[in-house]
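Asker: Sending over a structure as structure tokens; questions will come in a sec.
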Amino acid sequence: MNNVQIIDGKKLAELVRLEWKSRAEQLIKQGIKPGLAVIIVGEDPASSIYVKNKVKACSEAGIYSEVHRFQSDASQAEVLQCIHSLNENTNIHGILVQLPLPMYFENNRVISAIAVEKDVDGFHLYNVGALVTGNSLFSPCTPAGIMEMLHRNRIPIEGRHAVVIGRSNIVGKPMAFMLLEQGATVTICNSKTRNLPDFTRSADILVVAVGKPRMINAAMVKPGAAVIDVGINRLPDGKLCGDVDFESVKEVAGYITPVPNGVGPMTITMLLGNTILAAERANITRK
Ligand code: NDP
5 MNNVQIIDGK
15 KLAELVRLEW
25 KSRAEQLIKQ
35 GIKPGLAVII
45 VGEDPASSIY
55 VKNKVKACSE
65 AGIYSEVHRF
75 QSDASQAEVL
85 QCIHSLNENT
95 NIHGILVQLP
105 LPMYFENNRV
115 ISAIAVEKDV
125 DGFHLYNVGA
135 LVTGNSLFSP
145 CTPAGIMEML
155 HRNRIPIEGR
165 HAVVIGRSNI
175 VGKPMAFMLL
185 EQGATVTICN
195 SKTRNLPDFT
205 RSADILVVAV
215 GKPRMINAAM
225 VKPGAAVIDV
235 GINRLPDGKL
245 CGDVDFESVK
255 EVAGYITPVP
265 NGVGPMTITM
275 LLGNTILAAE
285 RANITRK
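If you read the sequence shown in the working numbering, its first letter stands for residue 5, the second for the next number, and so on.
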């Protein structure tokens, strides 16, 4: 039987959140409570659940949070006005706009209205550019959570071949830059990639962020590889599954993340970490 290590994202998230909580408590002792503002536009059910989960996680971690809700027919100007006032609010250290925004919103204009030092999602164009040069103030939460998983499981990155499948702005691209920064040789695949298995089979670290149920099977994985499954797919029977065929791939991989309870819990954890980091920086500048 293959001696695979299953990376339990839920357990790891609990551990990391305890560490974050003690950082939040240090700040509270100094009279500063980390604060996160979440802006949500429209009634997308999935977005509402994500926001609810973020608010709950904040409260458990000792972080103040507030939600600013706008109807789906709200104007971009109203949302921008809200961001401007949150930028000035010293009780708020992190601001995030829940995506997706309605079609008629200009995503970049809205996200870039957030003060760079409060951009805890790391999606502001400044932070995106700074990530490329290795100096970002905040790393996007999903890839940052994956880096935490790799580090805490002592999975070597430097000199290894990392293959990232997916090139989205929120997962694939920042993931690739973070791995590159740590000295991996990185290949980014997308829907136009020819002969995908030729790439996946040479990956020491394989990150799959596509959104296609179980598209990666055991024959596509190098024995001993670390396989990180970002995908969240709802099957017709209502169950969740990842982009990796967990049952077959766990017989080949060295490390594997399950879905659910893999990458997902670490994403919100990193948001909490970024909010605390923003508050710590604000605390230093006010001294
Ligand atoms: P996007 O839809 O924005 O991107 C998907 C990417 O997959 C695209 O770059 C696309 O390529 C690529 N792709 C599609 N088909 C193939 C294929 N056959 N072979 C190779 N590449 C392919 O998705 P996201 O990055 O936002 O999310 C990806 C998945 O991760 C989703 O299931 C999402 O729900 C999940 N997710 C999970 C999170 C978590 O916390 N666990 C957080 C964020 C996302 P192209 O660009 O050429 O179209």
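For glycine and all other residues, C-beta sits at the position ideal for the given N, C-alpha and C.
Within 10 angstroms of the Cβ of S143, are there 16 or more other Cβ atoms? Answer buried if so, exposed if not.
Answerer: buried
Asker: So that I know if they touch, is there some Cβ in chain D lying closer than 8 Å to that of D125?
Answerer: Absent from the structure is chain D; it holds one protein chain and no more.
Asker: Of the choices V101, A222, G258 and G46, whose alpha-carbon is the least far from that of G126?
Answerer: The alpha carbon of G126 has as its nearest neighbour, out of V101, A222, G258 and G46, the alpha carbon of V101.
Asker: If you draw a straight line from the alpha carbon of P269 to that of T146, how long is it in whole angstroms?
Answerer: Within the model, the alpha-carbon separation for P269 versus T146 is close to 9 Å.
Asker: Might you give, ordered along the chain, the residues of its own chain that have their beta carbon closer than 7 Å to the beta carbon of G187, omitting 5 neighbours on each side?
Answerer: I161, E162 and G163
Asker: Identify which residue in G13, K177, L84 and R21 has its Cα closest to the Cα of L275.
Answerer: Shortest Cα-Cα distance from L275 to any of G13, K177, L84 and R21 involves R21.
Asker: Would you please state the rounded distance, in angstroms, between the beta carbons of Y130 and V114? I believe it to be under 8 Å.
Answerer: Y130 to V114, Cβ: 14 Å. No contact.
Asker: Pick helix, strand or coil for F127, following the three-state DSSP scheme.
Answerer: coil
Asker: Please report the straight-line C-alpha distance between S52 and A65, rounded to a whole angstrom.
Answerer: When rounded, the distance between both Cα atoms is 20 Å.
Asker: Within the chosen definition, does the region 212 to 223 reach the region 245 to 254 through at least 3 CB pairs nearer than 8 Å?
Answerer: yes
Asker: When we look at the beta-carbon of I288 and count the other beta-carbons within 10 Å, is it buried (16 or more) or exposed?
Answerer: exposed
Asker: Taking Cβ positions, are T204 and V225 nearer each other than 8 Å?
Answerer: yes
Asker: Tell me the rounded alpha-carbon separation between R238 and R290.
Answerer: A straight-line Cα-Cα distance of about 46 Å links R238 and R290.
Asker: For V55, which option in L135, A282 and I272 has the closest C-alpha, if you only look at C-alpha atoms?
Answerer: The shortest C-alpha separation from V55 is found at I272.
Asker: Would you identify the three-state DSSP class for I115, choosing helix, strand or coil?
Answerer: helix
Asker: When every heavy atom of the ligand NDP is checked, does at least one fall within less than 7 Å of the C-beta of K60?
Answerer: no
Asker: When you compare only the Cα positions, how much space is there between A283 and E82?
Answerer: 26 Å
Asker: Just curious, the alpha helix (DSSP H) that I288 is in, first and last residue?
Answerer: V267 to R290
Asker: What does A166 pair with, by DSSP beta-bridge criteria?
Answerer: V190 and I209
Asker: How many Å lie between N112 and Q80 at the Cα?
Answerer: When only Cα atoms are considered, N112 and Q80 end up about 12 Å apart.
Asker: Along the alpha helix (DSSP H) that carries A230, what are the first and last residues, could you check?
Answerer: Segment A230 to D233 is the beta strand (DSSP E) holding A230; no alpha helix (DSSP H) there.
Asker: If we ignore side chains and look at the alpha-carbon of each, how far apart do R156 and V167 end up?
Answerer: A straight line joining the alpha-carbon of R156 with that of V167 spans about 20 Å.
Asker: Closer than 8 Å by C-beta to S76: which residues in its own chain qualify, once you throw out the five before and the five after it? Chain order, please.
Answerer: V45, G46, E47 and P106
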